[in-house]
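Residue numbers (the working numbering), protein chains in the order written: chain W, 1 to 142; chain X, 143 to 284.
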């Protein structure tokens, strides 16, 4: 489906999904392609301090995707909030056997389409889900 | 200084600072006033699942600011990224005696000025700083 036929919300959700596809596939070229080229970028990996600027951000992805422990990651419940030429998505990140994180992904519209300008992921709960059980994190459900 | 005389970056940083002022002062009326009125909002408190919609978000602030344990919070190293009619700020949140968090705050321009549309805070490091020592969180420094 060409991007012009999609709503902004659908296009942003597609860009968000591509981020998680590239992450899971450890596809550094695709990860590089989905981040913004002209717009300043930042990134906050879970437990890290903030990274600012494309060079630092892409170095971090090279380290994470190239490392031996790169987890399989799945995105759940993505919700898009479109703000004109930018947007953000909030979603849950499910890592195999490691519980889940919660993320905010910010996108800006560039010539090629929606591109990521910021990513913050952090723990959603103190507890890890135990195998074969379903645990909800503390705090209000939305 | 009237907002029109400020750059967008300065105005966004001022809005970000007002968020931390209202938070520290436990000023629920000010907190309500600084969140967007027309633009959809969301919020991810540390360790909570995502909250979506003004009602849920403001209920959470009433609970947090009204509770007995509301911490003093100070914002450090705020950096603003302006994206036209929206912007995001990343900053460190220093809580008295509890270490620090790292936050992403998203703003949209409404009629009254820059208003918050999203806030995510999460732990910056596994370790808490020990009293009278300075500890840096793990991960690359920017």
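Ideal Cβ placement from N, Cα and C applies to all residues, glycine included. Note that the coordinates shown come from a computational prediction; the quantities given were computed from them, not determined experimentally.
Kindly indicate which three-state DSSP category residue 6 of chain W falls into: helix, strand or coil? coil
Residue 196 of chain X, buried or exposed, once every other Cβ within 10 Å from all chains shown has been counted against 16: buried
8 Å Cβ cutoff met for residue 181 of chain X and residue 44 of chain W: no
Please compile the residues from chain X whose C-beta is within a distance smaller than 7 Å of the C-beta of residue 108 of chain W. 225
Between residue 106 of chain W and residue 72 of chain W, what straight-line distance do the alpha-carbon atoms span, to the nearest angstrom? 22 Å
Please state if the CB of residue 34 of chain W and the CB of residue 78 of chain W are separated by a distance shorter than 8 Å. no
Looking at the secondary structure, which residues open and close the alpha helix (DSSP H) in which residue 207 of chain X lies? 196-208
Relative to the alpha-carbon of residue 91 of chain W, which residue among W:80, W:42, W:32 has its alpha-carbon at the smallest distance? W:80
Pick helix, strand or coil for residue 93 of chain W, following the three-state DSSP scheme. strand
Drop a sphere of 10 angstroms on the beta-carbon of residue 148 of chain X, count the other beta-carbons inside from all chains shown, and report buried for 16 or more, exposed for fewer. exposed
Do residue 225 of chain X and residue 108 of chain W have their beta-carbon atoms positioned less than 8 Å apart in this structure? yes
Per DSSP, which one or two residues make a beta bridge with residue 228 of chain X? X:250
Can we count residue 246 of chain X as close to the ligand PLP, meaning its CB is less than 7 Å from some heavy atom? Absence of the ligand PLP is noted for the structure shown, with no ligands found whatsoever.
Simplified DSSP state of residue 98 of chain W, which is helix, strand or coil: coil
Quick one: does residue 73 of chain W have its CB under 8 Å from some CB of chain X? no
Using 8 Å as the Cβ pair cut-off and three pairs as the minimum, do the stretch 108-118 of chain W and the stretch 198-210 of chain X touch? no
Alpha carbon to alpha carbon, how far is residue 120 of chain W from residue 101 of chain W? 10 Å
Pick from W:50, W:41, W:24: whose alpha carbon is nearest that of residue 93 of chain W? W:24
If residue 49 of chain W sits next to residue 184 of chain X, beta carbons under 8 Å apart, how far is it from one beta carbon to the other, in whole angstroms? Actually they do not touch by this definition, with Cβ atoms about 24 Å apart.
Assuming residue 192 of chain X is part of the beta strand (DSSP E), what are its boundary residues? Run containing residue 192 of chain X: none; DSSP gives neither H nor E here.
Give the DSSP bridge partners of residue 265 of chain X, in chain order. X:243
Beta-carbon of residue 94 of chain W versus every beta-carbon of chain X: anything under 8 Å? no
Grab me the residues of residue 95 of chain W's own chain with a C-beta within less than 6 Å of its C-beta, minus the 5 sequence neighbours each way, in chain order. 71, 73
Going along chain W, which residues have a C-beta under 9 Å from residue 100 of chain X? The requested residue 100 of chain X does not occur in the structure, where chain X is confined to residues 143 to 284.
Extent of the continuous alpha helix (DSSP H) to which residue 32 of chain W belongs: 28-34
Kindly list the residues whose CB is nearer than 8 Å to the CB of residue 20 of chain W, restricted to its own chain and excluding five residues on each side of it in sequence; keep chain order. 73, 74, 75, 93
Could you tell me which residues DSSP pairs with residue 81 of chain W in its beta bridges? W:88
Using a Cβ-Cβ distance under 8 Å, would residue 182 of chain X count as near chain W? yes
Between the alpha carbons of residue 68 of chain W and residue 30 of chain W, how many angstroms are there, rounded? 19 Å
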